[in-house]
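Residue numbers (the working numbering): 98 to 318. The beta carbon of each residue, even a glycine, is placed where N, CA and C say it ideally should be. Worksheet: the structure to be examined is printed underneath.
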């Protein structure tokens, strides 16, 4: 039971790190993962990648004071995701540095959108739970905010993809987008668990995450 509670708290901390205080793929994440342990090794086989390098399988470190555990988790996420990105995309040192630079460029904007989206969904969920007593104008405002955020995120992704196209092939960019989305979905799943089985908008579990299309999460099956 205790192990389950620790794991649950770790999952919530992971969600907070990735969707709250830090962007999904921060430039610092890639920068601190380079040239970290394992990044200089040969690219593993597809089977090894599937078994060992799923970015949605990030187990939080156990034990330790809250601040120390948070730091360990953040460092673990950064190293692991940087390693996955480098190996899956088969990037050389120059490409990796260019990717770091692009992520830093869009880091602040992505963080802002994530925080705005989180606040809007929390507000919307609170009103939906009130059912007939919900404040309709407030619900309408939250919905408009979510729609605006999706448009802004699409514009950000378009700008980011344009920069990435200067040093990544279309296949590499597609893989990178899939890794981002796969991690986003995993984090949203953990957030729903922490919210008692409800998604941030008050719906049933299993729905698509913010900004993501319905259906199965991308990645290996």
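Residue range 190-226 is occupied by the alpha helix (DSSP H) that includes residue 203.
Collapsing the DSSP output to three states places residue 241 in a helix. With 16 or more other CB atoms across the displayed protein chains lying within 10 angstroms of its CB, residue 285 is buried. DSSP places residue 260 in the helix class (H, G or I) of the three-state scheme. Within the same chain, and ignoring the five residues on either side of residue 269 in sequence, the residues whose Cβ sits closer than 6 Å to its Cβ are 186. When DSSP states are grouped into helix, strand and coil, residue 231 belongs to the coil group. For the options 243, 275, 262, the alpha carbon positioned closest to that of residue 209 is the one of 243.
In this structure, residue 236 lies near residue 224, with their beta-carbon atoms less than 8 Å apart. Here DSSP, grouped into helix, strand and coil, assigns residue 276 to helix. The residue from 205, 280, 184 with its alpha-carbon nearest to that of residue 257 is 205.
Rounded to the nearest angstrom, the Cβ distance from residue 253 to residue 215 is 16 Å, too far for a contact under 8 Å.
For residue 187, the three-state secondary structure derived from DSSP is coil.
With respect to residue 199, residue 274 sits apart: the two C-beta atoms are not nearer than 8 Å. Cα atoms of residue 221 and residue 248: separation of roughly 18 Å, rounded to the nearest angstrom. Cβ neighbours of residue 239 within its own chain (closer than 6 Å, five residues either side excluded): 217, 220, 221. Across the structure, residue 203 and residue 211 are spaced so that their CA atoms are roughly 12 Å apart.
In this structure, the alpha-carbon of residue 165 lies about 43 Å from that of residue 233. Excluding residues up to 5 positions away in sequence, 185, 186 lie with their Cβ nearer than 7 Å to the Cβ of residue 272 in the same chain.
Contact between residue 183 and residue 193 holds: CB atoms are separated by about 6 Å, below the 8 Å threshold. Looking at 228, 265, 213, the one whose alpha-carbon comes closest to that of residue 241 is 213. Per DSSP, reduced to three states, the secondary structure at residue 266 is coil, with no helix or strand assignment.
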